[in-house]
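J.: Basically the working numbering = 1-based index in the sequence shown + 2. Virtual Cβ for every residue (Gly too), placed ideally from N, Cα, C.
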Amino acid sequence: MALSATSSPDPETEPIPAAAPASSDDMQGAHPLRRLIPFVQRHKWRFWGGMSLINLGRLLEAFMPLFLKEGIDRIAAGSYALALPALAILGLMVLRYIAFSFGRRFVREVGVEVAYELRQRLYWHLELQGPRFFSRFTTGDLMARAINDITLIRQMVGLGTRLLFVLGFSGIIAFAFMFHQSAMLTLLMVPALPVFGVAGWLIAKRIFGQSMLVQQGFSILSAQVQENLNGIRTIQTHAQEDREIDRFEKTSDTYARDYYRLMFLNSALTSTMLVATGFTTLAVVGYGGHLVMSGGISIGTFTAFIFYLAMMLAPIKEGGIMVTLFQRGGSAAARIFEILDHRPEIRDEPDAAPLDRIGGTLTVNGLSYRHPSSSGDAPDGWPALNDVSLNIEAGEMIAILGRVGSGKSTLLRCLVRLLDPPPGTVYLDGRDIRMLPLTQLRSQIALVPQDPFLFAAHLQQNISYDNPSREAEAVWGAAEAADLETTIKRFPERLETMVGERGVTLSGGQKQRASLARGLIRETPVLLLDDCFSSVDTETEEFILSRLKTLRKGRTTMMVSHRVSTARHADRIVVLEDGRVAETGTHSELLARNGLYAALERAQGQRASLEDDLGRQEGEEPS
Numbered sequence: 003m004a005l006s007a008t009s010s011p012d013p014e015t016e017p018i019p020a021a022a023p024a025s026s027d028d029m030q031g032a033h034p035l036r037r038l039i040p041f042v043q044r045h046k047w048r049f050w051g052g053m054s055l056i057n058l059g060r061l062l063e064a065f066m067p068l069f070l071k072e073g074i075d076r077i078a079a080g081s082y083a084l085a086l087p088a089l090a091i092l093g094l095m096v097l098r099y100i101a102f103s104f105g106r107r108f109v110r111e112v113g114v115e116v117a118y119e120l121r122q123r124l125y126w127h128l129e130l131q132g133p134r135f136f137s138r139f140t141t142g143d144l145m146a147r148a149i150n151d152i153t154l155i156r157q158m159v160g161l162g163t164r165l166l167f168v169l170g171f172s173g174i175i176a177f178a179f180m181f182h183q184s185a186m187l188t189l190l191m192v193p194a195l196p197v198f199g200v201a202g203w204l205i206a207k208r209i210f211g212q213s214m215l216v217q218q219g220f221s222i223l224s225a226q227v228q229e230n231l232n233g234i235r236t237i238q239t240h241a242q243e244d245r246e247i248d249r250f251e252k253t254s255d256t257y258a259r260d261y262y263r264l265m266f267l268n269s270a271l272t273s274t275m276l277v278a279t280g281f282t283t284l285a286v287v288g289y290g291g292h293l294v295m296s297g298g299i300s301i302g303t304f305t306a307f308i309f310y311l312a313m314m315l316a317p318i319k320e321g322g323i324m325v326t327l328f329q330r331g332g333s334a335a336a337r338i339f340e341i342l343d344h345r346p347e348i349r350d351e352p353d354a355a356p357l358d359r360i361g362g363t364l365t366v367n368g369l370s371y372r373h374p375s376s377s378g379d380a381p382d383g384w385p386a387l388n389d390v391s392l393n394i395e396a397g398e399m400i401a402i403l404g405r406v407g408s409g410k411s412t413l414l415r416c417l418v419r420l421l422d423p424p425p426g427t428v429y430l431d432g433r434d435i436r437m438l439p440l441t442q443l444r445s446q447i448a449l450v451p452q453d454p455f456l457f458a459a460h461l462q463q464n465i466s467y468d469n470p471s472r473e474a475e476a477v478w479g480a481a482e483a484a485d486l487e488t489t490i491k492r493f494p495e496r497l498e499t500m501v502g503e504r505g506v507t508l509s510g511g512q513k514q515r516a517s518l519a520r521g522l523i524r525e526t527p528v529l530l531l532d533d534c535f536s537s538v539d540t541e542t543e544e545f546i547l548s549r550l551k552t553l554r555k556g557r558t559t560m561m562v563s564h565r566v567s568t569a570r571h572a573d574r575i576v577v578l579e580d581g582r583v584a585e586t587g588t589h590s591e592l593l594a595r596n597g598l599y600a601a602l603e604r605a606q607g608q609r610a611s612l613e614d615d616l617g618r619q620e621g622e623e624p625s
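1. Using a Cβ-Cβ cut-off of 6 Å (strictly less than) and excluding sequence neighbours within five positions of R48, which residues of its own chain qualify?
2. Only counting the same chain, and skipping five residues up and downstream in sequence, which positions put a Cβ closer than 7 Å to that of D485?
3. With the cut-off set at 7 Å, would you say D532 and S408 are in Cβ contact?
4. Can you tell which of Q131, Q452 and T326 has its C-alpha closest to the C-alpha of V538?
5. Going by DSSP, what residue range makes up the beta strand (DSSP E) through P385?
6. For N230, which residues from the same chain have a beta carbon less than 8 Å from its beta carbon, with the 5 sequence-adjacent residues on both sides left out?
7. If I measure Cβ to Cβ from F626 and keep anything under 7 Å in the same chain, skipping five residues before and after, which residues do I get?
8. Would the beta-carbon of E487 fall within 7 Å of that of A481?
9. Going by Cα to Cα distance, which pick from L342, I360, P34 and G321 is closest to W203?
10. In the DSSP assignment, the alpha helix (DSSP H) including M324 goes from what residue to what residue?
11. My output table needs one value for R630: the three-state DSSP class, helix, strand or coil.
12. Counting only the same chain and skipping the five closest in sequence on each side, list residues whose C-beta sits under 8 Å from that of D143.
13. A448 lies in the beta strand (DSSP E); which residues open and close that run?
14. From N596 to G511, what does the alpha carbon distance come to, in whole angstroms?
15. Give every residue of the same chain whose Cβ lies closer than 6 Å to the Cβ of D379, excluding the five residues on either side of it in the sequence, and list them in chain order.
16. Taking 7 Å as the cut-off, decide whether the C-beta atoms of F102 and G170 are in contact.
17. In the DSSP assignment, find the beta strand (DSSP E) that holds S370 and state where it starts and stops.
18. Hey, I74 and T279: beta-carbon distance below 7 Å or not?
19. In terms of residues, what are the limits of the beta strand (DSSP E) holding E585?
20. Under a Cβ-count criterion, where at least 16 other Cβ atoms within 10 Å of its own Cβ denotes burial, should T239 be classed as buried or exposed?
21. For the structure I just gave you, are there three or more beta carbon pairs, one from the region 122-131 and one from the region 344-357, closer than 8 Å?
22. Between R504, Q329, Y118 and F181, which has its C-alpha nearest L215's C-alpha?
23. Between the alpha carbons of N57 and G288, how many angstroms are there, rounded?
24. Work out the CA separation of P470 and A476 for me, nearest whole Å.
25. Can you tell me whether DSSP reads M399 as helix, strand or coil?
26. Please report the straight-line C-alpha distance between I360 and R36, rounded to a whole angstrom.
27. Got a sec, what are the start and stop residues for the alpha helix (DSSP H) D255 sits in?
28. Classify S213: buried if its beta carbon has 16 or more other beta carbons within 10 angstroms, exposed otherwise.
29. Please report how far the alpha carbon of T586 lies from the alpha carbon of L420, in whole angstroms.
30. Within the same chain, show all residues whose beta-carbon is closer than 6 Å to that of G521, passing over the 5 residues directly before and after it, in chain order.
31. Looking only at C-alpha atoms, which of T568, S517, M180 and S563 sits nearest to K551?
32. Identify the continuous alpha helix (DSSP H) that holds T236 and give its terminal residues.
33. When you compare only the Cα positions, how much space is there between L62 and S172?
34. In chain order, what residues of the same chain lie with their CB nearer than 7 Å to the CB of E603, ignoring the 5 residues before and after it?
35. Only counting the same chain, and skipping five residues up and downstream in sequence, which positions put a Cβ closer than 6 Å to that of K207?
36. Taking 8 Å as the limit between beta carbons, can you name the residues of its chain near A64, skipping five residues before and five after?
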């Protein structure tokens, strides 16, 4: 089966939109099941073709009791000319099997297609979200929605819709044929029909709410597992295994109780249907037997009627499954559209246009930034930057220095719009960066983060992440610039070395240098280094910085650091304090002013001197 290639937008060829296409404003207030209709309509020919074949199979099945009646009546009359009824029944069975097989396959494929498109759209939508979104939804919760909830939608579309149409069509066909055989027996069933409807309606409402609880519980369970696996070293070093196991057991117990309640409701619905159909069958058999004995109907007619009764009641028995599928699928769809309805907080402006050429001149004009509230209830969170203004010429190397929490990393993230600066505060080559397409902005500015992230792939794939087709020579060059070449050559598989999830097989310094190599290989006009030397020793840092001076080739470079030894390599140093620019100048100029920079230099010098003294004392032999 070929999956549709047009099922989800392509971020590489389309601009980042203001909202996901699946979540247009005119659909946001609609019932979740109604919002799934456009996904099914894209495959309407396959869907309705499958339904038509299934109903054709049911129609063929409806003619089989007529030939069975004919055969039984012939036997009752003493005739054994059964070849024609037998061949007719056999032919109908073969055609019915073919129609059912292809019909069910087509409808199942539509369920798979809808699930595929929803999962692709959900993943694409997640790629566009910003920090506020990910502070609200955990990774485990999002994974549960992408996997478990979409699976429930697939089951609803592929099986639930089939049961719904079969129930309706089979009921109409069977009722018509039954009425034709015996109106009295058919009317005997009428009192049971309200039981099916009322029971289904009452229990179905509770199934929807309970399904939502179960799926939310599964999200909580997934989030807890994901969090504990990511933090397993912290758990083990603090000897908290037992406490985490107890916490997980409580979460599992809550999930199990909710799931048991859901199963009870499912069983109650199915049992109600079975009891109602059982009493109906008993009444029909009892009264029908009386009619046969009294000569009111023939034995063949009665047999055909029983077959039609089974044809109508079988889907009704499965009605409990159908209701459960729709209620669970509906709650799953509500959870999926809850995500798709979140407009990306950082997106292209409607009139954003690319620059023909980017030189690398950066201007920050009165930038103030407050981190958003994670709850979303308050418009503002805590302040990070306050009226920051900078002018950075193309090719200039700037160091951003300051204490922890002074706003250094926030400034760099604003420059690349990982955090969204206010309009008119950040310019690239004279253009407000909010008026540049995000794809161009981020492809022209390389950011090396403080906390490196490596994928579970080999080193070459990690370093050449933005362009996997790069030659190995370019990868080796970037590794050499990041002082990683010697380390890689010690690995048996060199660039093909698998680094594990999040680079678990590498040390902190090795991961930082691999992340730095990934930034250097891009050769963008602007390079942002966010304290990416914090896990390497000063000797390695000095080597990398000396290489960087010769390799940056006129690239505008901004280095965030807490080390004065790093900042002194820059053309100009900007000192931040409490989100404000406290000082600006060269290393010698700032020392001469005897301000915050000079104080930091003295404090770090004293710390380094103390560490050297301790190192010499440890190295001396006791007398």
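T.: Taking the coordinates as given:
1. F108 and V112
2. R515, T542, F545 and I546
3. no
4. Q452
5. P385 to I394
6. I237, E246 and F250
7. Coverage of the chain is limited to positions 3 through 625, which leaves residue 626 absent and any answer about it impossible.
8. yes
9. G321
10. G321 to L342
11. This structure cannot speak to residue 630, because the chain is shown only from 3 to 625.
12. S221, I222, S224 and A225
13. I447 to V450
14. 33 Å
15. Reliability of the predicted coordinates at D379 is poor, the pLDDT of 48 falling under 50, and the value obtained from them is presented with this limitation in mind. None.
16. no
17. L364 to R372
18. no
19. R582 to G587
20. exposed
21. yes
22. Q329
23. 31 Å
24. 11 Å
25. strand
26. 47 Å
27. E243 to S296
28. buried
29. 25 Å
30. A448 and V450
31. T568
32. I234 to T239
33. 11 Å
34. V566 and L593
35. none
36. I175, A176, F179, Y310 and M313
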